[in-house]
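Quick notes on the structure that follows.
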Amino acid sequence: MKKEEGPGWKNFIPITKWLPSYDVKQNLINDIIGGITVGILHVPQGMAYASLVGLKPVYGLYTSLFPSLIYMFFGTSRHVSLGVFAVVSLMCGSCNLRVTQELVASSGSNLTKTEIEGISVDVVKSLGLAIGIIQIIMGLVKADYLISYLSDQIILGFTTGAAVHVLTAQLNKILGVTLPRHTGIGKLFYIYTDLINAVLEDKVNKITLTASIVAILILYIAKYHLTPALCAKTRIPIPYDLFLIVVGTAVSSFFAVNSNYHVKIVGHIPTGFPSPAVPDVKLFWKVIGDAVAIAIVSVVVTVSMGKVIAKKHNYVIDVRQEFFALGIVASFCSMFPCWPASTALARTLINDNAGTKTQISAIFAASVLTLVLFFIGPLLEHLPTCFLSCIVIVALRGMFLHLQNFVTLWKVSKYDWAIFSITFFSTVFLDVVPGLLIGTVSAILFSILRIQRSSPTLLENDECESGETSVLFFASSLFYFNCERFEKKVHKIVADLTGENDLQEQAEDIPMLPEKVRERVLIFDMRGVSNIDLSGANTLIKISQELKAKHIILKIRDPSENVSSFLSGVPNTDNLFES
């Protein structure tokens, strides 16, 4: 697999490299089918996830439309489907709620619902521009290595914990109750307190709750029991979510559930495209902390999914270019009432399974969304909002399956189990951004602990007439924080080899040597040592001197280029290298 080279501007705008050689006969029909399939999927997902951000459903359609079209020009993945993603939507919603509440409180006047909605849209647009600028800067300074700090366990623990927040945000809608929105550390406690009080005070709308339970059961059975049987017959997935929206809207309109049973509906959906407007940059400092976290998460999710699909189809994606692509997408789309986009795992897999070959499919997905925005949108105004929550809840199944990692990781690696658990519980009980931060810090600390607790092992011990040669292996870096442990373990191994109980003490009081001394050689195989610092180098010198006093010669073998280069600049290390 090779990355195609070309002029700088072609690398920056990848579509200019692959579009001229686009094979219409081989790819077009697949891109049409894949694009329409994903476009149909965008409609219910976009409308459903808007509630997580605190915006009206139509804004979810905008977020599904514009980002995918822009990504087509700048992205390097042929298959990722950019649009709404539950975790990113939730993070945007947390920021939006906090900042909007601050702005409303500081306004000093009674604002109308429309004015508050306008403030909310301004916050989301400013957040999008801030995220875009951060991602572009990260691309310019080649900070793509940062995603390596977010291990699989951090991502899984974080997304699973965030799924708890996403689920919680839907409960009041399927119960049909209006509750105050909470933000900040420990907000789940307040939300569940309000939910329990609403149930105890008999405020639940029984029609809404019944309809929600039926919808969830139907969606779950259809998606996870009927679909596997039908997949053998067709590669095109059945849009159950869209069917639910159509049927739910028809039933709601026929029985007038809003006026007769007080079931909340979507309401007015404006037609056409929104007018572009520059975001309010004065809000940057209010959203910057959230923007950094969301910028990293959206890139990590998109790149991770892109790599999985790229490997399957034998091509590679340019991680640094993905920073630019997502940054440009977020910056451009911030001129419209969109929230920052990312790829949804399930939607990308469906895009791939539908046979999509290139990002040309985004044109056909956008065509479906345009059709909805211009013509079909008003027909969905009677859709009960609880059905959108049902779609979100059923879609969370895949994320909650990651809870199995509590058992799996415990059996495989206690370190990874601890990272997953800390990230999950801190995300659930604190909030999404603190959870991600704590998970990342814990992973770094556990990585240091792993290095610190690493021990050298004896690979070979060959005995002959002239003496004895032993080979030592150490599969870790040698830094200041693990030098002391390394030194003690080496002395213990040597003591076991020579039959001495305490080589360190005996080195201070050397007995008279016999006339003939059997020479011992201890070879330190450094293939597993990726890095070393000055403390590590001095530790090797110290061990060498101590062993030499016992007629044991320490030699290092096969150091990496950077380790060898570093040691060559440290005094008294020349005699350590194996000749």
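Under my numbering, the sequence shown has 338 at position 271, and the numbering climbs by one with no breaks.
Just so it is clear, CB atoms sit at the ideal spot from N, CA and C, and this is done for glycine as well.
Outcome for Leu570 when other beta-carbon atoms lying within 10 angstroms are tallied against a minimum of 16: Locating residue 570 in the sequence shown gives position 503, counting from the first residue. Confidence at Leu570 is low in this model, with a pLDDT of 41, below 50, so the placement of that residue should be treated as unreliable; the coordinate-derived value is given next. Label assigned to Leu570: buried.
Tell me, to the nearest whole angstrom, how far the beta carbon of Cys405 is from that of Pro134; I am working on the premise that it is less than 8 angstroms. One-based indexing of the sequence shown puts residue 405 at position 338. One-based indexing of the sequence shown puts residue 134 at position 67. The C-beta distance from Cys405 to Pro134 rounds to 7 angstroms, short enough to meet the 8 angstroms contact threshold.
When the cut-off is 8 angstroms and only beta carbons count, does Gly566 lie next to chain D? As a matter of chain content, chain D is missing from the structure shown, which is built from one protein chain.
What did DSSP end up calling Gly150 once you bin it into helix, strand or coil? Counting from 1 along the sequence shown, the entry for residue 150 is found at position 83. Reduced to three states, the DSSP call for Gly150 is strand.
Cβ of Pro451 within 7 angstroms of any heavy atom in the ligand NAP? Within the structure as shown, the ligand NAP is missing, as the structure has no ligands at all.
Rounded to whole angstroms, what's the CA-CA distance from Ser543 to Ser597? Just pull it up for me. Here residue 543 refers to the residue found at position 476 when the sequence shown is read from its first residue. Here residue 597 refers to the residue found at position 530 when the sequence shown is read from its first residue. For Ser543 and Ser597, the gap between their C-alpha atoms comes out near 7 angstroms.
Residues bridged to Pro451 (per DSSP): If you number the sequence shown from 1, residue 451 lands on position 384. For Pro451, which the question treats as bridged, DSSP gives the partners Ile332.
Can you tell me where the alpha helix (DSSP H) with Val588 in it begins and where it stops? In the sequence shown, the residue the question calls residue 588 occupies position 521. Note, Val588: premise wrong, no alpha helix (DSSP H); beta strand (DSSP E) at Glu586 to Asp592.
Which class does Thr227 belong to by DSSP, given the choice of helix, strand or coil? In the sequence shown, residue 227 corresponds to position 160, counting from 1. Helix, per DSSP.
Tell me the start and end of each unbroken beta strand (DSSP E) in the segment 222–305 that is at least 3 residues and wholly inside, in chain order. Secondary structure within the segment 222–305: not one fully enclosed beta strand (DSSP E) run of 3 or more consecutive residues is present.
Going by DSSP, what residue range makes up the alpha helix (DSSP H) through Ile312? Within the sequence shown, the letter at position 245 stands for residue 312. That run of the alpha helix (DSSP H) goes Tyr307 to Phe322.
Take Val630 as the anchor and find which of Ile599, Lys353 and Leu119 has the nearest alpha-carbon. Counted from its first residue, the sequence shown places residue 630 at position 563. Out of Ile599, Lys353 and Leu119, Ile599 has the C-alpha closest to the C-alpha of Val630.
Between which two residues does the beta strand (DSSP E) harbouring Leu621 extend? Position 554 of the sequence shown, counted from the first residue, corresponds to residue 621. Note, Leu621: beta strand (DSSP E), Ile619 to Arg624.
With a threshold of 16 other CB atoms inside 10 Å of the CB of Arg587, please say whether the residue is buried or exposed. Taking the first residue of the sequence shown as 1, we reach residue 587 at position 520. Classification for Arg587: buried.
What does DSSP give as the partner residues of Ile434 in its beta bridges? Start at 1 with the first residue of the sequence shown, and residue 434 comes out as number 367. The identity of residue 434 in the sequence shown is Ser, whereas the question assumes Ile. Answer is none; Ser434 lacks a bridge partner.
Just curious, the alpha helix (DSSP H) that Cys550 is in, first and last residue? The count along the sequence shown starts at 1 and reaches residue 550 at position 483. Under the DSSP assignment, Cys550 falls in the alpha helix (DSSP H) whose first and last residues are Cys550 to Thr565.
Do Ser279 and Ile332 have their beta-carbon atoms positioned less than 8 angstroms apart in this structure? For the purposes of this step, residue 332 is taken as residue 265 along the sequence shown, with counting starting at 1. For the purposes of this step, residue 279 is taken as residue 212 along the sequence shown, with counting starting at 1. Contact flag unset, no.
Taking 8 angstroms as the cut-off, decide whether the C-beta atoms of Ala392 and Phe141 are in contact. Numbered from its first residue, the sequence shown carries residue 392 at position 325. Numbered from its first residue, the sequence shown carries residue 141 at position 74. Yes, Cβ-Cβ distance for Ala392 and Phe141 is below 8 angstroms.
Taking the alpha-carbon positions, what's the Tyr126 to Ala117 distance? For the purposes of this step, residue 126 is taken as residue 59 along the sequence shown, with counting starting at 1. For the purposes of this step, residue 117 is taken as residue 50 along the sequence shown, with counting starting at 1. Rounded to whole angstroms, Tyr126 to Ala117 spans 7 angstroms at the Cα level.
Name the two residues that bound the continuous alpha helix (DSSP H) containing Ile107. Within the sequence shown, numbered from 1, the residue matching residue 107 stands at position 40. From DSSP, the alpha helix (DSSP H) with Ile107 extends over Val91 to Val120.
Whose C-alpha, out of Gln220, Phe540 and Val191, is nearest the C-alpha of Gly121? Stepping through the sequence shown from its first residue, residue 121 is reached at position 54. Ranking Gln220, Phe540 and Val191 by Cα distance to Gly121 puts Val191 first.
Between the segment 149–166 and the segment 228–242, do at least 3 Cβ pairs fall closer than 8 angstroms? Touching, per the Cβ criterion.
Let me check understanding here. Comparing Cα to Cα, which of Pro337, Phe496 and Gly422 lies closest to Leu438? Indexing the sequence shown from 1 puts residue 438 at position 371. The shortest Cα separation from Leu438 among Pro337, Phe496 and Gly422 belongs to Pro337.
Distance, Cα to Cα, Arg145 vs Ser398? Looking up residue 145 in the sequence shown gives position 78. Looking up residue 398 in the sequence shown gives position 331. Computed Cα separation, rounded: 21 angstroms.
For the alpha helix (DSSP H) containing Thr130, name the first residue and the last one. The residue you call residue 130 lines up with position 63 of the sequence shown. Judged by DSSP secondary structure, Thr130 falls within the alpha helix (DSSP H) whose first and last residues are Pro124 to Phe141.
Along the chain, which unbroken stretches of the alpha helix (DSSP H) at least 4 residues long are found entirely within the segment 436–506? Every unbroken stretch of the alpha helix (DSSP H) spanning 4 or more residues and falling wholly within the segment 436–506 is given here in chain order: 452–462, 464–467, 472–479 and 481–496.
Simplified DSSP state of Ile376, which is helix, strand or coil: For the purposes of this step, residue 376 is identified with residue 309 of the sequence shown, where counting begins at 1. DSSP places Ile376 in helix when its eight states are reduced to three.
Alpha carbon to alpha carbon, how far is Val370 from Val386? The sequence position of residue 370 within the sequence shown is 303, counting from 1. The sequence position of residue 386 within the sequence shown is 319, counting from 1. C-alpha separation (whole angstroms): 7 angstroms.
Would DSSP call Ser156 helix, strand or coil? Translated into the one-based positions of the sequence shown, residue 156 becomes position 89. Here Ser156 sits in helix by DSSP.
Assuming Phe644 contacts Ile623 under a Cβ cut-off of 8 angstroms, what Cβ separation, rounded to an integer in Å, is found between them? The residue labelled residue 644 in the question sits at position 577 within the sequence shown. The residue labelled residue 623 in the question sits at position 556 within the sequence shown. At roughly 6 angstroms, the Cβ-Cβ gap stays under 8 angstroms, so Phe644 and Ile623 are in contact.
So, at 6 angstroms on beta carbons, what are the nonlocal neighbours of Lys353 in its own chain, with the 5 sequence-adjacent residues on each side left out? Position 286 of the sequence shown, counted from the start, is the residue given in the question as residue 353. Closer than 6 angstroms at the Cβ level, and outside the excluded window around Lys353, lie Val166.
Report the residue from Lys379, Val459, Ile486 and Leu470 whose alpha carbon sits nearest the alpha carbon of Leu119. By one-based count along the sequence shown, residue 119 stands at place 52. Of the listed residues, the one whose Cα sits closest to Leu119 is Val459.
Between Val368 and the rest of its own chain, which residues show a CB-CB distance below 7 angstroms, the 5 nearest in sequence each way excluded? Counting from one through the sequence shown, the residue named residue 368 turns up at place 301. For Val368, the CB contacts under 7 angstroms within the same chain, skipping 5 residues up- and downstream, are Phe152, Ser409 and Thr410 in chain order.
Provide the residue(s) that pair with Phe644 in DSSP beta bridges, ordered along the chain. Working through the sequence shown from its first residue, we reach residue 644 at position 577. By DSSP's assignment, Phe644 forms a beta bridge with Ile623.
Run through the segment 174–213 for me and flag every whole alpha helix (DSSP H) of 4 or more residues, listed as ranges in chain order. Runs of the alpha helix (DSSP H) inside the segment 174–213: 180–207.
Any idea if Asp269 is buried or exposed, counting beta-carbon neighbours within 10 angstroms, 16 or more meaning buried? Here residue 269 is taken as the residue at index 202 of the sequence shown, counted from 1. Exposed: under 16 other Cβ atoms inside 10 Å.
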